[in-house]
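Asks: Residue numbers (the numbering used here), protein chains in the order written: chain A, 336 to 579; chain B, 37 to 229. For reference, the structure I am asking about is given below.
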Amino acid sequence: MNNQDHILFEDYISKTLSLEKRATFENRLKNDQEFKKAFTTYKDLNNFLEYKFGNEEQSKAFKNNLHKVSEDYFNKEVKATKIIKFLPWKYTIAASFVALLGLFVFNNFSNPTYSDFSNYETISLTVRGEQESTVKNAEIAFNTANFAEADKAFKELLETDNTNTEFQFYRAIANIELDNFEVADLLLKNLSKGTSAYKNKATWYLALSKLKQKENKACINILKTIPEDAEDFKQAQKLLKKLL
Amino acid sequence: MSDKQLHEDQKYIEGLLGNNSFVIQAIYNKFAPKVISYIKSNSGDEDSAKDIIQEVLITIYHQAKEKNLQITCPFDAYFFLLCKRKWLNELKKTNKKEVTINEETLSKNDSALELVDETDLFEEKQRLFNLMFQQLGTACKDLLKATFKIKSMEEVAKSLGVTYAYARKKKSLCIAKLTKLVKESPKYNQLYN
Chain A
336 MNNQDHILFE DYISKTLSLE KRATFENRLK NDQEFKKAFT TYKDLNNFLE
386 YKFGNEEQSK AFKNNLHKVS EDYFNKEVKA TKIIKFLPWK YTIAASFVAL
436 LGLFVFNNFS NPTYSDFSNY ETISLTVRGE QESTVKNAEI AFNTANFAEA
486 DKAFKELLET DNTNTEFQFY RAIANIELDN FEVADLLLKN LSKGTSAYKN
536 KATWYLALSK LKQKENKACI NILKTIPEDA EDFKQAQKLL KKLL
Chain B
37 MSDKQLHEDQ KYIEGLLGNN SFVIQAIYNK FAPKVISYIK SNSGDEDSAK
87 DIIQEVLITI YHQAKEKNLQ ITCPFDAYFF LLCKRKWLNE LKKTNKKEVT
137 INEETLSKND SALELVDETD LFEEKQRLFN LMFQQLGTAC KDLLKATFKI
187 KSMEEVAKSL GVTYAYARKK KSLCIAKLTK LVKESPKYNQ LYN
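Take a look at the structure:
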């Protein structure tokens, strides 16, 4: 391939060829294997560069977030195994007796509560655009259980980005914690009807919100709609058993 | 791929694409334990599992974003197979052990294997392209970076103080140079056959 061909590739990709030249080009692609292979490589490289430099910031944000989640996950993992290893067998047995007894008492004499089942973890929010500091505030407030502050920050974020399901979901949780059930339930209802990644999670938290409001019947009805493949399906079934 | 049905686990791909912390956490909770235990029972430790999982998720993210990856099999099979292959290749590299990649235990799912092959090919190409890009001269590197970052060739020309026609010509010549480097690498025929 000579330089002229490469300039032709560029013109073809950027759609600046005349109709006639375009047809000739496509004809040559069909009939000249060497030409086609060279063009494929050129196009691959063009796409690669376009992606690499066009998405540099997004890729970086993804890697940072992934790193954070990974660290959280593996720190927990390591801690959990260490604790088990550290306990001599006697203590383990004693501990299981206590746990069994606790479980027995818990199962039989206590009503399930919101805090038994609520299972969200610390969050790390995705930054899009120029809201960085508010996002940070929301994240810190939420993770330190300062839910009034978190709600304020999420509200502000949603004012500029009202379709962001991540913000909607965590704002709902903050509001359950604050006993602002009206706000929480409305957000969760909408999410549970949607198609976002938070769909099932929102249904589960809507049920938990009802539980916290002591509306057990409503809670039961919502729990029944959580599908089998939902992450919280098992927990939902467990709660359902206790309530029925 | 287009004639096959999209698997419902595509939601994990969408979650990665959206950089959704909640989905990424779910991926770790659901799928990492199997990978960790596999690597631990094959001459590795937790730290190696941590690296492998991160690298695989980054590759999936890139492929999804650049090539619109669509999965037609359970995420579990796809993800585990990718991690496993990566780990075995790692072992081969460090020569810790004679390794043969035996996929019998997992290859119940042909569509998973096919997808994994695609992802591997994608990753190999990316690696090669990155490597060759680094070998370009500074002028070409800067021009290409500017071209694809700024997107409008008129602005690129302006920012570099050259004419529009010259900038476009230069761009295609720089990609041509990169093409040449890629073609001359021994990997090329393996990736484009």
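Just so it is clear, CB atoms sit at the ideal spot from N, CA and C, and this is done for glycine as well. Source: prediction; values computed, not measured.
If we call anything under 8 Å between Cβ atoms a contact, is residue 71 of chain B one with residue 94 of chain B?
Replies: Contact flag unset, no.
Asks: Can you check whether the CB of residue 100 of chain B is closer than 8 Å to the CB of residue 179 of chain B?
Replies: No.
Asks: Which of the residues in the region 207–219 of chain B, read from start to end, lie with their CB under 8 Å from any CB of chain A?
Replies: Hits within the stretch, in order: 207, 208, 209, 211, 212, 214, 215, 218 and 219.
Asks: Please list the terminal residues of the continuous alpha helix (DSSP H) segment that includes residue 533 of chain A.
Replies: Note, residue 533 of chain A: premise wrong, no alpha helix (DSSP H); not H, not E.
Asks: Measuring CB atoms only, is the region 354–371 of chain A touching the region 202–214 of chain B, in the sense that at least three cross pairs come out at less than 8 Å?
Replies: Short answer: they don't touch.
Asks: Could you tell me whether the region 182–201 of chain B touches the region 215–225 of chain B, using the rule of 3 or more Cβ pairs below 8 Å?
Replies: In short, these stretches do not touch, since the Cβ pair count stays below three.
Asks: With a 10 Å radius around its C-beta and 16 neighbouring C-beta atoms as the bar for buried, classify residue 117 of chain B as buried or exposed.
Replies: Burial call: buried.
Asks: Please report how far the alpha carbon of residue 103 of chain B lies from the alpha carbon of residue 56 of chain B, in whole angstroms.
Replies: When rounded, the distance between both Cα atoms is 19 Å.
Asks: According to the Cβ coordinates, are residue 527 of chain A and residue 541 of chain A closer than 8 Å?
Replies: Cβ atoms of residue 527 of chain A and residue 541 of chain A: closer than 8 Å.
Asks: Roughly how many angstroms lie between the CA atoms of residue 392 of chain A and residue 379 of chain A, to the nearest whole one?
Replies: Whole-angstrom Cα-Cα distance: 21 Å.
Asks: Residue 455 of chain A by DSSP, collapsed to three states: which one?
Replies: Note: residue 455 of chain A maps to coil in three-state DSSP.
Asks: So that I know if they touch, is there some Cβ in chain A lying closer than 8 Å to that of residue 92 of chain B?
Replies: Judged by the 8 Å Cβ criterion, residue 92 of chain B is not in contact with chain A.
Asks: Within a Cβ cutoff of 6 Å, which residues of the same chain sit near residue 37 of chain B, ignoring the five residues on either side of it in sequence?
Replies: For residue 37 of chain B, the predicted model reports a pLDDT of 44, less than 50, meaning its position is unreliable; a value from the coordinates is still stated below. Taken in chain order, the list of residues that qualify is empty.
Asks: What's the gap between the Cα of residue 40 of chain B and the Cα of residue 156 of chain B?
Replies: Taking the straight line from one Cα to the other gives about 20 Å.
Asks: Using three-state DSSP, classify residue 69 of chain B as helix, strand or coil.
Replies: In this structure, residue 69 of chain B counts as helix in the three-state DSSP scheme.
Asks: When the Cα of residue 364 of chain A is compared with those of A:512, A:344 and A:501, which residue comes out closest?
Replies: Residue A:344 is the option with its Cα nearest to residue 364 of chain A.
Asks: Can you tell me the Cα-Cα spacing of residue 558 of chain A and residue 505 of chain A, whole angstroms?
Replies: So the two alpha carbons sit approximately 20 Å from each other.
Asks: Indicate whether at least one CB of chain B lies closer than 8 Å to the CB of residue 518 of chain A.
Replies: No, because no Cβ of chain B sits closer than 8 Å to the Cβ of residue 518 of chain A.
Asks: Closest to residue 467 of chain A by CA distance: which of A:553, A:500 and A:496 is it?
Replies: The shortest Cα separation from residue 467 of chain A among A:553, A:500 and A:496 belongs to A:496.
Asks: Measure from the alpha carbon of residue 388 of chain A to the alpha carbon of each residue in B:77, B:82, B:107 and B:166, then state which is nearest.
Replies: It is B:166 whose Cα lies nearest to the Cα of residue 388 of chain A.
Asks: What separation, rounded to the nearest whole angstrom, lies between the Cα atoms of residue 79 of chain B and residue 125 of chain B?
Replies: Using only the alpha carbons, I get a separation of about 13 Å.
Asks: Roughly how many whole angstroms lie between the Cα atoms of residue 571 of chain A and residue 372 of chain A?
Replies: Their Cα atoms are separated by approximately 55 Å.
Asks: To the nearest angstrom, how far is it from the Cα of residue 446 of chain A to the Cα of residue 577 of chain A?
Replies: When rounded, the distance between both Cα atoms is 8 Å.
Asks: Could you have a look at residue 493 of chain A and say whether DSSP puts it in helix, strand or coil?
Replies: Looking at residue 493 of chain A - three-state DSSP - the assignment turns out to be helix.
Asks: Measure the C-alpha to C-alpha separation of residue 482 of chain A and residue 476 of chain A and round it to an integer number of angstroms.
Replies: When rounded, the distance between both Cα atoms is 6 Å.
Asks: List the residues of chain B that residue 472 of chain A touches, going by C-beta distances under 8 Å, in chain order.
Replies: By Cβ distance, chain B contributes nothing, its closest Cβ being about 16 Å from residue 472 of chain A, past 8 Å.
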